[in-house]
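Residue numbers (this note's numbering): 1 to 568.
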């Protein structure tokens, strides 16, 4: 009689000494009481990893292991096995030679799985062993994301509720009732829960002709997550609108809302945008985690030189500090980190935002509303009558706002704001182009920081790569730096980073401190190139220099450096 995977696993584990006998006994008690997969119970207890179990079984059963994160199966071969069978048995076809089909399987002693695959394909079956996690990832990459049946997906499972902070207002009775049904509530909870666990900054829920696609933006890049049945589209969208206190009957106009949830002892704000499309309303939810603001400037990843420049600027009692960069470069997070750090009873901090992203206790926050003529400029005039010490202006977009902000910074206020320019010196010329007098800029501006967000190499799968010296020199690495750092790393791609090779992001900052010489150059209307050349000569580290430092310290890749920064 063929030995079961459970009995063989117990035997192998006892031989391996990788797990204590009492841990194994505890896992067996849970298995006897609850059933399920013994391997999963052991992994959940933290005594052993999927990889350990795979290698033990591979050695004992003489079945070769495979790392599917480094192997891309032929799609035509993969689809010899139906998707439902592949997901059910946690297996995937990886090669076919003559009449022999090789499959990667998590449970190589599951004779029912092997027999079913042989019956349906009519091939001789050879097995290799892989972790269940890597097989499921390979299945998602090969067949596409699993389409969920919301009527049956939660049978026999428990999902922690996403607790919405605040009352929900129901407007359209029929849609509201549909959206409150248990499967719909649970699938919305699942989407949000999974996104937060994967560190997603945005959730995109996109209707198409035949399905409802869900994507997560992780480390700046969109990843396919789920495909939901078209029949559930209206109820899911209605559920999200109700949570955001939006009108569920409005389908012709864009809408903006927000809601809060409690997740793992943290309060997460979601900013919600609804866009009417041909096949229904597309919803984008932006996750805003207040705990990210508590790290302060030191936790954002800036180089020590840039950080010192920033801290020097913040010592000034008044003046203007600008953060520049494209949308999504972390400018708002940096400004929020500053005001969170300086927030105390003795200081009156007021913000003007469009929209208010984070609600921070102890700070007066105002949202501009252009439709009722409450613009940045008119709001700033009103704010100045409230005796502020620090004013954060979400963005300087026009001459009127720039002019008021500059003049306010000369009368005793610290002004923090953002601009859209490519580099730090470019902010000066942008203000001049808007019509602000150069002598006012020179008198008010303390510092300009150009910021970008750069993906970090995944620590779980990073490995040394050989990049020719001439390529690094061409990218901007100096000869003396190459002597200090001889190793460059790159992520190979693993389960933890979803095969991207990157895990998390960090900010890089090009910080220009405005000294007397720069002020003189501004008054004399010096060109952008002249200001930039002087700043670099006197210690300003460019975005490219900061990025290359991170490359040589093993924190990112050359590909990411070239993607994020322009050549100096």
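All C-beta atoms, glycine included, are put in the ideal place defined by N, C-alpha and C. No experiment lies behind these values; they were computed from the predicted model shown.
Straight across, the Cα-Cα distance linking residue 77 with residue 95 is about 6 angstroms. For residue 236, the enclosing alpha helix (DSSP H) starts and ends at 233-243.
Going by DSSP, residue 392 is part of the beta strand (DSSP E) stretching over 390-393. Residue 217 sits in a strand when the DSSP states are folded into three classes. Just so you know, the alpha carbons of residue 381 and residue 397 end up roughly 15 angstroms apart. Taking residue 108 as the centre and dropping the five residues before and after it, the same chain places the C-beta of 57, 61, 63, 127, 129 closer than 7 angstroms to its C-beta, in chain order. According to DSSP, residue pairing for residue 272 in a beta bridge involves 257, 285. Looking only at 220, 383, 191, 324, the smallest Cα-Cα distance to residue 500 is reached by 220.
The beta carbon of residue 269 is closer than 6 angstroms to those of 260, 288 in its chain, skipping five residues each way along the sequence. Straight across, the Cα-Cα distance linking residue 59 with residue 198 is about 33 angstroms. For residue 438, the uninterrupted alpha helix (DSSP H) run begins and ends at 438-444, by DSSP.
In this structure, the CA atom of residue 65 is about 16 angstroms from the CA atom of residue 110. Residue 83 has its alpha-carbon roughly 38 angstroms from the corresponding atom of residue 453. Pairing residue 345 with residue 68, the inter-Cα distance amounts to about 56 angstroms. Taking a contact to require three or more Cβ pairs closer than 8 angstroms, the stretch 299-306 and the stretch 386-406 do not qualify as touching. Beta-bridge partners of residue 454 (DSSP): 506. A Cβ-Cβ distance of about 11 angstroms is found for the pair residue 563 and residue 502, leaving them out of contact under the 8 angstroms criterion. Boundaries of the beta strand (DSSP E) around residue 206: 202-207.
By the neighbour-count criterion, in which a residue is buried when 16 or more other Cβ atoms sit within 10 angstroms of its Cβ, residue 271 is buried. DSSP, reduced to helix, strand and coil, places residue 370 within a helical segment of the structure shown. Shortest Cα-Cα distance from residue 407 to any of 423, 428, 264, 441 involves 441. The beta carbon of residue 277 sits closer than 7 angstroms to the beta carbons of 207 from its chain, once the five residues preceding and following it are set aside; these are given in chain order. Under DSSP, residue 65 shares a beta bridge with 129.
With fewer than 16 other Cβ atoms from the protein chains shown falling within 10 Å of its own Cβ, residue 537 counts as exposed. Within the same chain, no Cβ atom closer than 6 angstroms to the Cβ of residue 533 is found once the five residues on either side in sequence are excluded. The stretch 359-366 and the stretch 477-489 do not touch, with fewer than three beta-carbon pairs separated by less than 8 angstroms. Boundaries of the beta strand (DSSP E) harbouring residue 91: 91-97, taken from the DSSP string.
The beta carbon of residue 306 lies closer than 6 angstroms to those of 509, 511 in the same chain, with the five residues before and after it left out.
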